[in-house]
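S.K.: Numbering (the numbering used here), first residue to last: 102 to 535.
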Amino acid sequence: MAMSTEIHLPVLGETRNASRPSFALPAAARTNSHVFHAMVKPSGAACNMDCPYCFYLHKTDLLGQSRQPRMDAQILEEHIRQYIEGQNGEEVVFSWQGGEPTLMGLPFFKTVVELQQRYRKPNQRIENDLQTNGLLIDDEWADFLRDHKFLVGLSIDGPRELHDKYRFTKGGQPTFDRVMAAAQRLASRGVSFNVLCVVNRDIALQPLAVYRFLRQLGGIIQFTPCVEPRDFSAAAPARRDPASAPVVGTSAARPGTPDSIVTDWSVDPDDWGNFLCQVWDEWYRNDIGRVFINLFESTVAQASGLPAQMCTHAEFCGKGLAIEHNGDVYSCDHFVYPEYRLGNINETHEAQLAYSDAQKAFGFAKRDTLPTDCRQCPHLKYCWGECPKNRIIKTASGEPGLNYLCTGWKKFYSHINRDVMDIVRQLGPLPALG
Ligand code: SF4
Ligand code: SF4
Numbered sequence: 102m103a104m105s106t107e108i109h110l111p112v113l114g115e116t117r118n119a120s121r122p123s124f125a126l127p128a129a130a131r132t133n134s135h136v137f138h139a140m141v142k143p144s145g146a147a148c149n150m151d152c153p154y155c156f157y158l159h160k161t162d163l164l165g166q167s168r169q170p171r172m173d174a175q176i177l178e179e180h181i182r183q184y185i186e187g188q189n190g191e192e193v194v195f196s197w198q199g200g201e202p203t204l205m206g207l208p209f210f211k212t213v214v215e216l217q218q219r220y221r222k223p224n225q226r227i228e229n230d231l232q233t234n235g236l237l238i239d240d241e242w243a244d245f246l247r248d249h250k251f252l253v254g255l256s257i258d259g260p261r262e263l264h265d266k267y268r269f270t271k272g273g274q275p276t277f278d279r280v281m282a283a284a285q286r287l288a289s290r291g292v293s294f295n296v297l298c299v300v301n302r303d304i305a306l307q308p309l310a311v312y313r314f315l316r317q318l319g320g321i322i323q324f325t326p327c328v329e330p331r332d333f334s335a336a337a338p339a340r341r342d343p344a345s346a347p348v349v350g351t352s353a354a355r356p357g358t359p360d361s362i363v364t365d366w367s368v369d370p371d372d373w374g375n376f377l378c379q380v381w382d383e384w385y386r387n388d389i390g391r392v393f394i395n396l397f398e399s400t401v402a403q404a405s406g407l408p409a410q411m412c413t414h415a416e417f418c419g420k421g422l423a424i425e426h427n428g429d430v431y432s433c434d435h436f437v438y439p440e441y442r443l444g445n446i447n448e449t450h451e452a453q454l455a456y457s458d459a460q461k462a463f464g465f466a467k468r469d470t471l472p473t474d475c476r477q478c479p480h481l482k483y484c485w486g487e488c489p490k491n492r493i494i495k496t497a498s499g500e501p502g503l504n505y506l507c508t509g510w511k512k513f514y515s516h517i518n519r520d521v522m523d524i525v526r527q528l529g530p531l532p533a534l535g
């Protein structure tokens, strides 16, 4: 999923006084051209941290990776060449993730920017983003990231006690101080960074404490709900037996119960809704136009008739590939399972994989497999059944394919409906796409 939102709402009071919102929509939304996105894992699933809720660490075993996988020079150059070659938008966005991509070391990323310049087409803008846990970010890294205008996604799960509960090193040491030092280093050296917060079961119970802590760090805040079926390390989403899925509202469809289908740290669906509602109220009252929260900005964009800025809330998926260190390409970062391997860039051009029939089917399935409840839901135009990886429960009538977070989404969208309409009214007509 794309790391950052691309839309920035103005302060509403200022909008009333005639200033127009400034929108920076992604190239993909502006054109019908060949534009896709790939999240690259140069160090595979390797990481210097050991967060129990990590959705990627277990890929080491699932994909049979070595303990220290590394993208070699040939695969790196192939990816950069093909990724640029396969796109004709004015901007090409490279995303580096893991595992922990900084384990590759700075020389790897110096090669990255050299190769990007070598293959860049005339008038084409190259952008990079890097998602990191921050532990290795020293002055040299920060200077590099600033000089090459990387947008950094830094994982921080709120105040110390919440962050340190799940985010610790391989040796079990807490990481809060080291991550905060990285945030300070990035800020003081002028590196753009967003804050990535995984909303687990504990964090969801403290919405305001978490939000107030994160907003003081600056940047866009990206809240990601933690939803992990107990068997997520081995079983691909949507490949489970639908007959055994629990019905919405039952104990098995909540975390922390003996028959739960999700891990204990997964967020409770109702708590997720409550978390979003409380953060929204605080943001809407005090911070709109000053603090950027990707989901909120995206929802307002959707209400204004613009596309969702997050794949999870779009009608279709399919434009965000994941590429492993060995050149294997998967349908999505959240579908790195053998069944969703599209091919390898040494054998097939990655643009061909991005537009393959298998990938198109994957993308359309997001809409085409929605249960009746979703199709008839008043919030469909915002929610779109959220991410297919979370569609692991049944509706009250027993239809499979309902999103685990459904009750939370309903609560949130009902709660903000009036506010959103008010914002849209104040913003006035927005720039047409085209
Ligand atoms: S499966 Fe679809 S909605 Fe979920 S993260 Fe991937 S592209 Fe986004
Ligand atoms: S709120 Fe629930 S029923 Fe409505 S679209 Fe989302 S997941 Fe489906």
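We put the beta carbon where it would ideally sit given N, CA and C, even for glycine.
Out of I493, G502, G464 and A404, point me to the one whose CA is closest to N518's CA.
M.R.: For the purposes of this step, residue 518 is taken as residue 417 along the sequence shown, with counting starting at 1. Comparing Cα-Cα distances from N518 to each of I493, G502, G464 and A404, the minimum goes to A404.
S.K.: Under the rule that 16 or more other beta-carbon atoms within 10 Å means buried, what is S399, buried or exposed?
M.R.: By 1-based counting over the sequence shown, the position of residue 399 is 298. Flag for S399 reads buried.
S.K.: Measuring straight from C-alpha to C-alpha, what distance separates S515 and M172?
M.R.: For the purposes of this step, residue 515 is identified with residue 414 of the sequence shown, where counting begins at 1. For the purposes of this step, residue 172 is identified with residue 71 of the sequence shown, where counting begins at 1. Computed Cα separation, rounded: 46 angstroms.
S.K.: What do you get for F344, buried or exposed, if any count of 16 or more other CB atoms within 10 angstroms of its CB means buried?
M.R.: Numbered from 1 along the sequence shown, position 243 holds the residue referred to as residue 344. Strictly speaking, residue 344 in this sequence is Ala, with Phe absent from that position. A344 should be labelled exposed.
S.K.: Under 7 angstroms Cβ to Cβ from H480, same chain only, skipping five residues before and after it: list those, please.
M.R.: Residue mapping note: residue 480 aligns to position 379 of the sequence shown, counting from 1. Correct list, in chain order: W510, K511 and Y514.
S.K.: Restricting to runs no shorter than 4 residues, where is the alpha helix (DSSP H) found entirely within the segment 351 to 380?
M.R.: Counting whole runs of 4 or more residues, the segment 351 to 380 contains no alpha helix (DSSP H) stretch at all.
S.K.: Name the one or two DSSP bridge partners that Q323 has.
M.R.: Stepping through the sequence shown from its first residue, residue 323 is reached at position 222. DSSP output for Q323 lists L297 as bridge partner(s).
S.K.: Which one of D151, S144, A459 and P223 has the shortest CA to CA distance from K271?
M.R.: To locate residue 271, count along the sequence shown from 1; it is residue 170. The shortest Cα separation from K271 among D151, S144, A459 and P223 belongs to D151.
S.K.: What is the rounded straight-line gap between the Cα of W242 and the Cα of L207?
M.R.: Walking along the sequence shown from the start, residue 242 turns up at place 141. Walking along the sequence shown from the start, residue 207 turns up at place 106. Rounded to whole angstroms, W242 to L207 spans 7 angstroms at the Cα level.
S.K.: Does T473 come out as helix, strand or coil in the three-state DSSP assignment?
M.R.: Start at 1 with the first residue of the sequence shown, and residue 473 comes out as number 372. DSSP places T473 in helix when its eight states are reduced to three.
S.K.: Is the segment 170 to 189 close to the segment 447 to 458, with three or more CB pairs under 8 angstroms?
M.R.: The segment 170 to 189 vs the segment 447 to 458: in contact.
S.K.: Contact defined as beta carbons within less than 8 angstroms: I believe G235 pairs with R182. What is the distance between those atoms, to the nearest angstrom?
M.R.: Taking the sequence shown and counting its residues from 1, one reaches residue 235 at position 134. Taking the sequence shown and counting its residues from 1, one reaches residue 182 at position 81. That pair is no contact at about 30 angstroms.
S.K.: Does the distance from the C-beta atom of A346 to that of I321 stay below 9 angstroms?
M.R.: Translated into the one-based positions of the sequence shown, residue 346 becomes position 245. Translated into the one-based positions of the sequence shown, residue 321 becomes position 220. Not closer than 9 angstroms, so no.
S.K.: Would you mind sorting T473 into buried or exposed? The rule is 16 or more other CB atoms within 10 Å of its CB.
M.R.: For this step, residue 473 is matched to residue 372 along the sequence shown. Classification of T473: exposed, given that the 10 Å Cβ count is below 16.
S.K.: Go through the segment 442 to 497 residue by residue and report every complete run of the alpha helix (DSSP H) that reaches 4 residues or more, in order.
M.R.: As far as the segment 442 to 497 is concerned, its whole alpha helix (DSSP H) runs of at least 4 residues are 451 to 455, 458 to 469, 473 to 476 and 481 to 484.
S.K.: The alpha helix (DSSP H) with P208 in it runs from where to where?
M.R.: Translated into positions along the sequence shown, residue 208 becomes position 107. Element bounds for P208: L207 to Y220.
S.K.: Looking only at its chain, what residues have a beta carbon closer than 8 angstroms to the beta carbon of T508, apart from the 5 residues adjacent to it on each side?
M.R.: Residue numbering aside, residue 508 sits at position 407 when the sequence shown is read from its first letter. Counting only Cβ-Cβ distances below 8 angstroms, and skipping sequence neighbours, we find V349, G350, P370, D371 and G374.
S.K.: Using only the heavy atoms of ligand 1, determine whether one of them is closer than 8 angstroms to the beta carbon of P439.
M.R.: Translated into the one-based positions of the sequence shown, residue 439 becomes position 338. It does not: the Cβ of P439 is nowhere closer than 8 angstroms to a heavy atom of ligand 1.
S.K.: When you measure from the CB of R434 to every non-hydrogen atom of ligand 1, does any distance come out below 8 angstroms?
M.R.: Along the sequence shown, read from residue 1 onward, the residue named residue 434 stands at position 333. Strictly speaking, residue 434 in this sequence is Asp, with Arg absent from that position. D434 Cβ: within cutoff of ligand 1.
S.K.: Determine the direct distance from the alpha carbon of P359 to that of L126, and round the result to whole angstroms.
M.R.: By one-based count along the sequence shown, residue 126 stands at place 25. By one-based count along the sequence shown, residue 359 stands at place 258. In this predicted model, L126 has a pLDDT of only 30, less than 50, meaning its place in the structure is not dependable enough to derive any value.
S.K.: Can you tell me which residues form a DSSP beta bridge with G254?
M.R.: Working through the sequence shown from its first residue, we reach residue 254 at position 153. Bridge partners of G254: Q232 and N295.
S.K.: Does DSSP classify D520 as helix, strand or coil?
M.R.: Numbered from 1 along the sequence shown, position 419 holds the residue referred to as residue 520. Helix at D520.
S.K.: Just grab the DSSP bridge partners of G421 for me.
M.R.: Position 320 of the sequence shown holds residue 421. H138.
S.K.: Tell me which residues pass a beta-carbon proximity test against ligand 2: closer than 5 angstroms to any heavy atom, given in chain order.
M.R.: Going along the chain, the residues that qualify are D474, C475, C478, H480, L481, C484, G486, N504, C507, W510 and K511.
S.K.: Taking one C-beta from the segment 146 to 163 and one from the segment 407 to 418 each time, how about it: are there three or more such pairs within less than 8 angstroms?
M.R.: Verdict: no, contact absent.
S.K.: Determine the closest residue to I394 out of L318, A459, N427 and F417, with distance taken between C-alpha atoms.
M.R.: Here the question's residue 394 lines up with position 293 in the sequence shown. For I394, the nearest C-alpha among the options comes from L318.
S.K.: Going by the CB atoms, is the gap between R290 and D240 shorter than 9 angstroms?
M.R.: One-based indexing of the sequence shown puts residue 240 at position 139. One-based indexing of the sequence shown puts residue 290 at position 189. Yes, these two residues count as a Cβ contact at 9 angstroms.
S.K.: Does DSSP put E86 in a helix, a strand or coil?
M.R.: The structure shown has nothing for residue 86, since the chain only spans 102 to 535.
S.K.: For the alpha helix (DSSP H) containing Y184, list its first residue and its last residue.
M.R.: Reading the sequence shown from its first residue, position 83 is the one you call residue 184. It spans A174 to E186 - the alpha helix (DSSP H) in which Y184 sits, taken as one unbroken run.
S.K.: First and last residue of the beta strand (DSSP E) that includes L503?
M.R.: The residue given as residue 503 occupies position 402 in the sequence shown. That run of the beta strand (DSSP E) goes P501 to L503.
S.K.: Looking only at its chain, what residues have a beta carbon closer than 7 angstroms to the beta carbon of G200, apart from the 5 residues adjacent to it on each side?
M.R.: Mapped onto the sequence shown, residue 200 falls at position 99. Counting only Cβ-Cβ distances below 7 angstroms, and skipping sequence neighbours, we find K142, S144, G145, A146, A147, C148 and Y157.
S.K.: Provide the residue(s) that pair with W197 in DSSP beta bridges, ordered along the chain.
M.R.: Numbered from 1 along the sequence shown, position 96 holds the residue referred to as residue 197. Bridge partners of W197: V141 and L231.
S.K.: Examine ligand 1 and report whether any of its heavy atoms sits within less than 8 angstroms of the Cβ of G421.
M.R.: On the sequence shown, residue 421 is found 320 positions in, with the first residue counted as 1. Answer for G421: yes, Cβ within range of ligand 1.
S.K.: What's the gap between the Cα of D342 and the Cα of R286?
M.R.: For this step, residue 342 is matched to residue 241 along the sequence shown. For this step, residue 286 is matched to residue 185 along the sequence shown. Each residue's alpha carbon lies about 48 angstroms from the other.
S.K.: Let me make sure I understand the geometry here. Which of V401, A452 and V521 has the alpha-carbon closest to that of N189?
M.R.: The residue labelled residue 189 in the question sits at position 88 within the sequence shown. Nearest option by C-alpha distance: A452.
S.K.: Mind the definition here: the segment 211 to 226 touches the segment 453 to 463 only if three or more C-beta pairs lie below 8 angstroms; say whether that holds.
M.R.: Taking 8 angstroms as the limit for Cβ pairs, the verdict is that the segment 453 to 463 does not touch the segment 211 to 226.
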